[in-house]
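Everything below concerns the one structure shown next.
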Amino acid sequence: MYMKKLLTILCLAALTLGCHSMQSAKRGDDKSDSKEIVLSHATANATPQPAPLLKAIIDLSDKEIIEVEETALNELQDETAEREERIDPQNYLDTALQLYEESQELWSSDNPEEAIDSLDEAYQNIIYVDSGDDAELDQQVENLRFMISKRILEIYSARHVTVNGTSDAIPLIMNSYVEREIKLFQGRELNFFVQSYKRSGKYRDKMVKALKEAGLPEELSWLPLIESGFKVNALSRARALGLWQFIPSTGYKFNLRRDAWVDERLDPEKSTVAAIAYLKELHHIFGDWTTVLAAYNCGETRVLKLIRSQKINYLDNFWDLYERLPRETARYVPRFMATLHILKDPAKYGIDLGETESPDVFESVTVKKQMNLRVIAKKLRSPLAELVSLNPVLRHKITPKTAYNLKVPEGKRHTLMAQLDSIPQTSLPKRSFKVHRVKRGETLSHIARRYGTSVRKIARANNINRRRLIKVGQRLKIPAGRNTGKRTYSSRSKQSPKKTYLVRKGDSLWSIAKQFNTTISEIKKLNNLKSSTVYYNQRLRISKL
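Throughout the sequence shown, residue numbering follows our numbering, covering 82 to 626 in sequence.
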């Protein structure tokens, strides 16, 4: 490339010189035709000369050649830099980000079509990026891809759906999926449906009021029927808790407090506020309620990934996503639609719903003292179960040391205030379990033997099936056994310390040192170990022989 560039510039330089020579000849005195003929004749008989262009190149001085070389090299470097700049992946990403920001300005200026065009162009830029093994570059691509997809959804959703805070804002769909769920509610799930409906009376009036104030459809107040059966303490296999079935991370996101004292996912009113905030956020992203419901069940990230892989107008046709959703989520939307159909005309489906339960009637007292609900119930001469039902957020049936609005049966507020000083202060019970992180090769049986407990107790404490496989890194609660939470082999090792130890699957120097009441450095010293890595079936000396 360099030689071609140099040759080109040399030719241009020679042509320039040739032109100057010709101009000089023209400026000379004109000669007679006869002289020109003689000159031509003389030239014909002369020794052959180099072509004018080649001669011009040959006649270039060393200084001129050096200047030409420098010019060629500089131009070549400029072209190379320009070409490298054109293919630099970061340039594509910077351009995409700039276009993304422009789309926001266009949308804010009420130009949605131009905003979409800008986002399309931004997406075109990121598809050219080859991140290779660059993890940081790959993360930038994924972040931009998500931001662009989300912005497109927001623009479309703002154009498609208006939320009006009244009933019938959610389209009542009937199809084969919905019909199947209706038949289940008419059959084997009839009792669940009726009992859930009856429990709804305790909470639904406040839910409807909160939804209307937030401008959301009141039909959403029936979500807890399929989420939790309107049971405040409902706990799913995914550790989702409460009427609205929040997992801990989503609860934290929407300001539901969870600590050693309370878990506000169990608070009907606070969890309703959090659910409304979450539903509004989802509607802002997706725009149509069927997609919102799916995202509420399995998370917006999963639904967004499915939507990004669609080649159809997913916002107009949620049911095209149906077969690709997780089974539980796929049933969730038609199950909710089936609920609305039945509640709109229960007689049509042959279901007698009966009367709903009445809302709880209570009074509140702000307390700043750690007190046991059992003692409070005795002082108030009220059933403990009623007090627990009014305060489901208390994880250990003990009020926290910070300010807490304790709910008591109607008419008992003044009684409690008069008795507060006579109620002894208490503290949280000591934790009755250990936490174990599953290691490679471990099973429930192995862990149970290790801690001196049973598989059944571990399964019950963690709400898992005894036959279910456990995963490496999974945290398990281990109920305390007769050994006051100590591992059985630790007790044995104190009674009769071993001289050597055969490494088992999942062992580490730390666990072995703890087992034999020694230190990692001591084991490494005894076995001449240069690192802390041990291997399966490796025999280690534990004490000096």
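The beta-carbon is built from N, C-alpha and C at its ideal position, and this holds for glycine as well. Just so it is clear, the structure is predicted and the values come from calculations on it, not from any experiment.
Alpha carbon of residue i to alpha carbon of residue j, nearest angstrom
i           : j           : result
residue 463 : residue 287 : 25 Å
residue 175 : residue 232 : 17 Å
residue 465 : residue 473 : 12 Å
residue 285 : residue 437 : 10 Å
residue 552 : residue 351 : 34 Å
residue 307 : residue 377 : 12 Å
residue 207 : residue 199 : 13 Å
residue 186 : residue 408 : 40 Å
residue 615 : residue 583 : 10 Å
residue 544 : residue 610 : 41 Å
residue 429 : residue 508 : 55 Å
residue 461 : residue 531 : 46 Å
residue 618 : residue 605 : 16 Å
residue 337 : residue 331 : 9 Å
residue 608 : residue 591 : 15 Å
residue 386 : residue 371 : 16 Å
residue 425 : residue 253 : 10 Å
residue 283 : residue 324 : 12 Å
residue 221 : residue 518 : 33 Å
residue 467 : residue 489 : 8 Å
residue 202 : residue 550 : 47 Å
residue 406 : residue 345 : 30 Å
Where residue i sits in the DSSP three-state scheme
i           : result
residue 621 : strand
residue 477 : coil
residue 273 : helix
residue 299 : helix
residue 176 : helix
residue 170 : helix
residue 357 : helix
residue 558 : strand
residue 363 : helix
residue 104 : Confidence at residue 104 is low in this model, with a pLDDT of 47, below 50, so the placement of that residue should be treated as unreliable; the coordinate-derived value is given next. It is helical.
residue 266 : helix
residue 552 : coil
residue 344 : strand
residue 279 : helix
residue 386 : helix
residue 509 : coil
residue 231 : helix
residue 521 : coil
residue 600 : coil
residue 254 : coil
residue 352 : helix
residue 493 : coil
residue 615 : coil
residue 539 : helix
residue 546 : coil
residue 432 : coil
Close beta carbons around residue i, own chain, < 6 Å, minus the five adjacent residues each side
i           : result
residue 442 : 491
residue 587 : 520, 521, 522, 523
residue 410 : 375, 378, 379
residue 112 : Residue confidence is low: residue 112 scores 43 on pLDDT, short of 50, so the model does not pin down where it sits. No coordinate-derived value is stated.
residue 364 : 373
residue 384 : 375, 376
residue 262 : 415, 416, 419
In DSSP terms, what residue i is bridged to
i           : result
residue 445 : 488
residue 453 : 479
residue 514 : 560
residue 583 : 620
Contact set for residue i: own chain, Cβ-Cβ below 8 Å, skip 5 residues either direction
i           : result
residue 259 : 415, 418, 419, 422
residue 360 : 297, 301, 373, 377
residue 432 : 266, 267, 271, 274, 275, 423
residue 279 : 434, 435, 436, 437, 438
residue 333 : 339
residue 211 : 170
residue 516 : 556, 557, 558, 559
residue 503 : 460
residue 487 : 445, 446, 447, 448, 457, 472, 480, 497
residue 600 : 594
Proximal residues to residue i (C-beta, below 7 Å), its chain only, five neighbours per side dropped
i           : result
residue 314 : 347, 473
residue 357 : 291, 292, 295, 297
residue 328 : 319, 320, 321
Tell me the start and end of each unbroken alpha helix (DSSP H) in the stretch 394-430 that is at least 4 residues and wholly inside, in chain order. 408-425
Note down, one range per segment and in chain order, each alpha helix (DSSP H) of at least 4 residues found wholly within the stretch 284-342. Scanning the stretch 284-342 from its first residue to its last, the whole alpha helix (DSSP H) runs of 4-plus residues come out as 285-295, 304-308, 329-334.
Run through the stretch 192-229 for me and flag every whole alpha helix (DSSP H) of 4 or more residues, listed as ranges in chain order. 193-207
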